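Numbering (the working numbering), first residue to last: 151 to 439.
For reference, the structure is listed below as structure tokens.
Pasting the structure below:
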């Protein structure tokens, strides 16, 4: 393709108001896709969606869009991206909303389009986008500044992150924390506990912990399963969790209070000033329970 023609395309993209772009969301009937479709439309942006049983196919959506966003289930994401990247053009920007970045970005880079990986760190049930975190990984683009300005205009906090670092941090923020809640839920099931009975005698801390467990089990198992299974750091993180579990299990079964306090204080020192901040923050949250 003629270099002058390409330069003209990129010049036009740089000078175009980001809100004047047509955004196409593949998976636009899903919860998160529908949330962003509504949000963008409320911001006077033209939005197209394609999904199962929509009149508009993925191919047609891509042809009519300036920006294409894959908002699809994590366990199907690379497959869906791979099937559709052949339709993307050099004058387009392609993004994804998935919880992992490395594989998805690698797949999107096989297209001709510009590429930015994107991960909204919230679900579609939020009351407002204000101060909600959106992570992004620019892979091949001249539109980074325009993209960031556009996303910030809705009130989001926007953080740039390397794809590999993103996936490593998600093994803590998502894999580790969700796994603990999922296993706790399974333990309650196996103990045949009546949840209502526990809530009658519950401390605020238990109510909050149980609410987080219940919140996860109220959602899609495919999402949480894919987050646990597909993260490349899962094995390492879960092995360390198992070691930590076994350490405290042995201490408790041996009734060794001195060793318990020693390990407890080591972790408290490691977490430092965050412990006091967390105590103050949760104490305020308890007022709403």
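Ideal Cβ positions, reconstructed from N, Cα and C, are used throughout, including at glycine.
Keep in mind that this is a model prediction, so the values were computed, not measured.
Item	Value
Take residue 353 as the anchor and find which of 389, 240 and 439 has the nearest alpha-carbon.	439
Tell me, which residues are paired with residue 220 by DSSP?	176 and 246
Terminal residues of the continuous alpha helix (DSSP H) containing residue 357?	354-367
At which residues does the alpha helix (DSSP H) containing residue 416 begin and terminate?	407-421
Assuming contact is defined by CB atoms lying nearer than 8 Å, are residue 362 and residue 435 in contact in what I supplied?	no
May I ask you to list the residues that DSSP assigns as paired with residue 264?	243
Can you check whether the CB of residue 173 is closer than 8 Å to the CB of residue 183?	no
Kindly indicate which three-state DSSP category residue 284 falls into: helix, strand or coil?	strand
Among all the DSSP beta bridges, which residues are the ones paired with residue 309?	285
Can you give the Cα-Cα distance for residue 392 and residue 398, rounded to whole angstroms?	10 Å
Mark residue 270 as exposed unless 16 or more other C-beta atoms lie within 10 angstroms of its C-beta, in which case mark it buried.	buried
Return the residue from the list 221, 303, 254 and 265 that minimises the CA-CA distance to residue 194.	303
Look at the alpha carbon of residue 401 and the alpha carbon of residue 180, and state the distance between them as a whole number of angstroms.	46 Å
Candidates 262, 224 and 220: which alpha carbon is nearest residue 238's?	262
Decide if residue 317 is buried, meaning its Cβ has at least 16 other Cβ atoms within 10 Å, or exposed.	buried
Would you identify the three-state DSSP class for residue 195, choosing helix, strand or coil?	coil
Only counting the same chain, and skipping five residues up and downstream in sequence, which positions put a Cβ closer than 7 Å to that of residue 378?	325, 328, 329 and 384
Would you kindly work out how many angstroms separate the C-alpha atoms of residue 208 and residue 305, rounded to a whole number?	29 Å
Within a Cβ cutoff of 6 Å, which residues of the same chain sit near residue 376, ignoring the five residues on either side of it in sequence?	224 and 225
I believe residue 267 touches residue 254 by the beta-carbon criterion, under 8 Å. Please report the beta-carbon distance rounded to the nearest angstrom.	6 Å
Taking 8 Å as the threshold, find out whether the segment 343-353 comes into contact with the segment 280-300 through three or more Cβ pairs.	no
Report the option in 373, 425, 389 and 427 whose CA atom is closest to the CA atom of residue 248.	373
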